[in-house]
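J.:
Number of protein chains: 2
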Amino acid sequence: MAKINQNYKKLQGSYLFAEVARRRVKFINDNPNAEVISLGIGDVTRPLPEAIITGLHAAVNEMAEASSFRGYGPEQGYDFLLNAIIENDYQARGIDIKANEVFVSDGSKCDVGNIQEIFSLDSVVAVTDPVYPVYVDTNVMAGRSGDYVKDLNRYSNIVYLPCHAGNHFIPALPDKKVDLIYLCYPNNPTGMTLSKEELKKWVDYARANKCVILYDSAYEAYIQEKDVPRSIYEIEGAKEVAIEFRSFSKTAGFTGVRCAYTVVPKELLAYDEDNNAVVVNELWNRRQTTKFNGCSYITQKGAAAVYSPEGKAQIAKLVEHYMTNAKIIREGIAALGIEVFGGINAPYIWLKTPEGMGSWEFFDKLLTQAHIVGTPGVGFGQSGEGYFRLTAFGSRENTEKAVERFQNLRF
Amino acid sequence: MAKINQNYKKLQGSYLFAEVARRRVKFINDNPNAEVISLGIGDVTRPLPEAIITGLHAAVNEMAEASSFRGYGPEQGYDFLLNAIIENDYQARGIDIKANEVFVSDGSKCDVGNIQEIFSLDSVVAVTDPVYPVYVDTNVMAGRSGDYVKDLNRYSNIVYLPCHAGNHFIPALPDKKVDLIYLCYPNNPTGMTLSKEELKKWVDYARANKCVILYDSAYEAYIQEKDVPRSIYEIEGAKEVAIEFRSFSKTAGFTGVRCAYTVVPKELLAYDEDNNAVVVNELWNRRQTTKFNGCSYITQKGAAAVYSPEGKAQIAKLVEHYMTNAKIIREGIAALGIEVFGGINAPYIWLKTPEGMGSWEFFDKLLTQAHIVGTPGVGFGQSGEGYFRLTAFGSRENTEKAVERFQNLRF
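Protein chains in written order, with my numbering: chain C, 1 to 411; chain L, 412 to 822.
Following this line, the structure appears as C-alpha cells:
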C-alpha cells in the first residue's frame, strides 16, 4: 500500500504567494473595475535586455542546424557560462572560484530547495525570521522541522533567528547547536544587508562549529553601497563553510527564462556518521547528475550574454530602473510617517504596519482601500508580524501611483 | 556539525553514463586518430524541427517587449501548453485527463527522480531489471534501498523484477509486498513493450494492493505497432493507481531544450499513517510549487508548437528518421547472427553479447576494435549482464558505418 510522506501534513496552509494570489483574485472578481497594482511577488516586469534577446535568438538558430544542434549538455552547465561566471562574478573581485565549483541550474528556488537533500535528516536547521518560506517548507517536507506549534507559528525543531527593528535586522548567533544555517543577503523579505564584520561573525561561528552556511545571494546585483559584501567568499575562510546561491532572475529579468547557479567550493566539508570528512562538492555533483539534466542550452546562451559588455551595461540600467522605484516607494511612504526599512541595497521595502496593525489586516486594508497587493510580513515568519513587504519591480507608473494611493488609506 | 546524507555512501560508483564517458574519453586520448561513433547515451542528434524553431523565436521576441514579457509563470505550466497536451495526447485518444492533472517541468529525469519525495521513506520499491538507473539511485539517496549487496549487484530492500530473453522481457508480478512500482514502456534500455493485456495485469495488481505505478512513457512517440498502449490510462482503472511521465526530449528533440510533463490524476490516492486516503495530485502540486519555479516560457512555447499541424508532421519525420536507423541496426546486427531485441517500437536495440561475453567486456571490445560506444547492459542492473544497448539516435551515416564495423569484430 502506497503511503505518503507524512511530513507533508505538517505544512501550514498553502504556500504564501498562493494565498496572496487567492485573495487578490477574489478581490478582483468582487471588484471588476478596480485597477489593482501588484507590488507583491518579487517578479520583474521589464523586458529582457537586447543583448540577451540577441543571445537567445542566436542559440535558437544553432538548434536549427545539425552542425550546431545541442542535445544533452553537462548537468553542471556549459563551460562558456561557467567561465563567464567565475571570471566576472568572482575572479574580477579577487575571489578564487573554479569552474568545477559552480553548478548552473534552472533556478535558485530549486537549488535552495534541493540542497538540504545532501545533508543528514537529523541536521538542526537555523533560519532568520522573517525568512523566504522555501528554506523552511523544504525542511518540513524532508522531516527536519519537528511539529508545528500553532501558538508560536513555528516548528519545534527549527532554530529561528529573529530580525526586527529592535536589533536592526541583524540576527544573533544561535544559542543552541545548529548544523545548517540559511542566510539571505541582501535579505528577502526585509531588504536589509549584513556588513562584512557581521557576516564574518557567521563564517567564524560556522568554522568553529563545523556548520554549513547556505547563503542565498539572489539579490546581489542590487547592492549599491560599496562596503556591503557581494559574495560570502569575500570573508576569509568562507569557502570552508559556505554554499552560495546566485540567480539571473532578478539580475537580468530571468524569472520566466529560468537560470541560476550554485557555488560549492571544494574546501567545503561535512561529516559522515563516523566523523570522516566528506567533500560536499562531490555530493552535490552526484545529486545534480542523478536528478537533473542541465539547464536549457538556449537559456545558458542567454545567461552568458549577461556578461558581454553590452549585456552588463543594459543590466545596470535595469537595476537602476528598479532601484529608482525602490527609492520612490521608500521616500514616498516614509514621508507619510510610516517606518520603512530596506530598499537601499535591495528591491524590497519592508515597512512597519501603521497603528500596530497585523500583517494580514494591513494586506486587506491596502487591497480594499488602495487596490495595492503587497506581501504580509507574517507570511515570512512570526517575527514578520506587524511588517509588510513591497517590491520595486512594478512599472514606474504603477509605482508612483501606488505611493499616491497610500495617502488614501484611512485608519 | 553538518552531517551528510549517509545514504549517498551506498551509491555504487559513478552514474552509468559518466563511467561510459570516462572510458570513451580515455580511448580517444589514447587513440587521437580513431573516429569514434557514439551509439551510447540516448541523445538525439537531428536539429529542432522548423515549427519549433519558429515558436521559440516568437517567444524570445515576446520577451523583448514590456507588453508581452513574461516573468514567473504557473509552476504547473501555462494553460496554452497544458491544454495542447490534454487535447492531443489524451482526449484525442479517448482518455479524459484534465489540465490540473498535468504538471509541466524541465525534464522527466527530474520528475521521475523527485516523485519519490512525496511517498513514505519506508515504501517498498519495485523496479524492472534492467532499469533506468535514476529510479534506483534516487531511492538509494532517499534511504529506501537498504544496503548494497555486492555479490548480487543489488540493494537489499529493492524488489527487482528480472526481464530477459527467457521471459520475453515481461516482468512477473512481485512475489512480495511492494508499494511503488516503476515501469517504463517502451522500455529503456531493452526497447521492448508491454501489450495491453500485460499492462492490465499491473494495473489490476496495483488496484488490488493499493500500490502506485510510476509509469515512464518517455519513448511513447516511437511506438509503431497499433496494439501497443501509448498511455497507461488506456487501461481501465489506471487513473486510480498510475502517475505517467512524458517528455519532449525524444519526441521532439528537446534533450537540450528541456521540457517534460507528469500526469497525476485526481483519482489517484495514497494513504497516511492512519490509513486515511490522500489525493496524490495535491502532494505533487505542493512539492512543485515549493521546490520548482516552472519551465521556461520560451521552452513552453516551443513545446506547444509540437502540437501544431506543421509541428506534428515534422516530428513524425524525426521519429521516422530514428526508427529507420533502428531498423538498420537491428537487421544489420541480426544478419551477423547476434540476437537482438527492441528497435521496433523504441529507439533502443538490446543485443545479447556474442560468445557469452560480459557487458563491460563487450563494451571495451566494441570500443577498441570497432570504435563504437554503446552502453553495457549490466549498467542497468544485474539482469542486463550479457546484454548491450545501442541507440538509434546517431546520424544515418554513422549508423550505417557502425553496422559495417560490427563485421570487423574478432572474437
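Just so it is clear, CB atoms sit at the ideal spot from N, CA and C, and this is done for glycine as well.
Of the residues that make up the region 516-530 of chain L, which ones have a beta carbon closer than 8 Å to any beta carbon in chain C?
T.: D517, G518, K520, C521, G524, N525, E528, I529, F530
J.: Would you please state the rounded distance, in angstroms, between the beta carbons of P597 (chain L) and A757 (chain L)? I believe it to be under 8 Å.
T.: 4 Å
J.: Using beta carbons (cut-off 8 Å, strictly below), is P573 (chain L) in contact with chain C?
T.: no
J.: Per DSSP, which one or two residues make a beta bridge with A242 (chain C)?
T.: Beta-bridge partners assigned by DSSP to A242 (chain C): C:I213.
J.: Quick one: does A2 (chain C) have its CB under 8 Å from some CB of chain L?
T.: In terms of beta-carbon proximity, A2 (chain C) lines the interface with chain L, with at least one pair separated by less than 8 Å.
J.: Please confirm if V560 (chain L) has its CB atom under 8 Å from at least one CB of chain C.
T.: So, not an interface residue.
J.: Quick test of your reading: G451 (chain L) and G785 (chain L), contact by CB under 8 Å. State the CB separation rounded to the nearest angstrom.
T.: 5 Å
J.: In this structure, does DSSP put D147 (chain C) in helix, strand or coil?
T.: Coil.
J.: Would you check if the distance between the CB atom of Y215 (chain C) and the CB atom of L183 (chain C) is smaller than 8 Å?
T.: yes
J.: Chain L partners of M192 (chain C), CB-CB under 8 Å?
T.: In chain order: nothing, as chain L lies at least about 24 Å away.
J.: Which of the residues in the region 25-38 of chain C, read from start to end, lie with their CB under 7 Å from any CB of chain L?
T.: none
J.: Where do the ends of the beta strand (DSSP E) carrying D660 (chain L) lie?
T.: Note on identity: in this sequence residue 660 (chain L) is Ser, with Asp being the wrong assignment. Careful: S660 (chain L) lies outside any beta strand (DSSP E), inside the alpha helix (DSSP H) at 660-663.
J.: Let me make sure I understand the geometry here. Which of L:V751, L:E766, L:I755, L:A724 has the alpha-carbon closest to that of M734 (chain L)?
T.: Here the closest residue by C-alpha is L:I755.
J.: C211 (chain C) CB to nearest chain L CB: under 8 Å?
T.: C211 (chain C) has a beta carbon lying within less than 8 Å of a beta carbon in chain L.
J.: According to a CB-to-CB cut-off of less than 8 Å, which residues of the region 326-355 of chain C neighbour chain L?
T.: Those residues of the region 326-355 of chain C that come within reach of chain L (Cβ to Cβ, closer than 8 Å) do not exist; the list is empty.
J.: Would you list, in chain order, the members of the region 575-602 of chain L that have their beta-carbon closer than 7 Å to a beta-carbon of chain C?
T.: D590, L591
J.: Might you give, ordered along the chain, the residues of its own chain that have their beta carbon closer than 7 Å to the beta carbon of I95 (chain C), omitting 5 neighbours on each side?
T.: S231, Y233, E234
J.: Using C-beta distances below 7 Å, list every residue in its chain close to P765 (chain L), excluding the 5 sequence neighbours before and after it, in chain order.
T.: I749, F822
J.: Return the Cβ separation of L269 (chain C) and I243 (chain C) in integer angstroms, given the expectation that the two are a contact with Cβ distance under 8 Å.
T.: The pair is not a contact, with the Cβ atoms about 12 Å apart (cut-off 8 Å).
J.: Quick check: the region 98-115 of chain C against the region 699-719 of chain L, are at least 3 beta-carbon pairs closer than 8 Å?
T.: yes
J.: Identify whether R800 (chain L) lies in helix, strand or coil by the three-state DSSP scheme.
T.: strand
J.: What is the rounded straight-line gap between the Cα of R23 (chain C) and the Cα of L422 (chain L)?
T.: When only Cα atoms are considered, R23 (chain C) and L422 (chain L) end up about 46 Å apart.
J.: Please compile the residues from chain C whose C-beta is within a distance smaller than 9 Å of the C-beta of M552 (chain L).
T.: E117, I118, R286, R287, T290, K291
J.: Between L:H782, L:T666, L:V436, which has its C-alpha nearest E815 (chain L)'s C-alpha?
T.: Nearest C-alpha to E815 (chain L): L:H782.
J.: Under the three-state reduction of DSSP, which class applies to P765 (chain L): helix, strand or coil?
T.: Helix.
J.: Between the alpha carbons of F659 (chain L) and S531 (chain L), how many angstroms are there, rounded?
T.: In a straight line, the C-alpha of F659 (chain L) is about 30 Å away from that of S531 (chain L).
J.: Just tell me which of C:F254, C:T262, C:I118, C:L199 has its CA closest to the CA of A413 (chain L).
T.: C:I118
J.: Does DSSP put P443 (chain L) in a helix, in a strand, or in coil?
T.: coil
J.: Quick one: what's got a C-beta closer than 6 Å to V789 (chain L)'s C-beta in the same chain, skipping five residues either side?
T.: S770, G795, E796
J.: Taking 8 Å as the cut-off, decide whether the C-beta atoms of L16 (chain C) and P133 (chain C) are in contact.
T.: yes
J.: Let me know the secondary structure DSSP gives P787 (chain L) once reduced to three states.
T.: strand
J.: Among the candidates C:P130, C:D129, C:K150, C:N157, whose CA atom is the shortest distance from the CA of N139 (chain C)?
T.: C:N157
J.: Whole-angstrom Cβ separation of D558 (chain L) and R657 (chain L), contact assumed at under 8 Å?
T.: The beta-carbon distance between D558 (chain L) and R657 (chain L), rounded to whole angstroms, is 34 Å. This is too long to meet the 8 Å contact definition.
J.: Could you tell me whether any Cβ in chain L is nearer than 8 Å to the Cβ of D96 (chain C)?
T.: no
J.: Given a threshold of 16 other Cβ atoms within 10 Å of its Cβ, counted over all protein chains shown, does Q300 (chain C) qualify as buried or as exposed?
T.: buried
J.: The beta strand (DSSP E) that contains V689 (chain L), what's its start and end?
T.: 688-690
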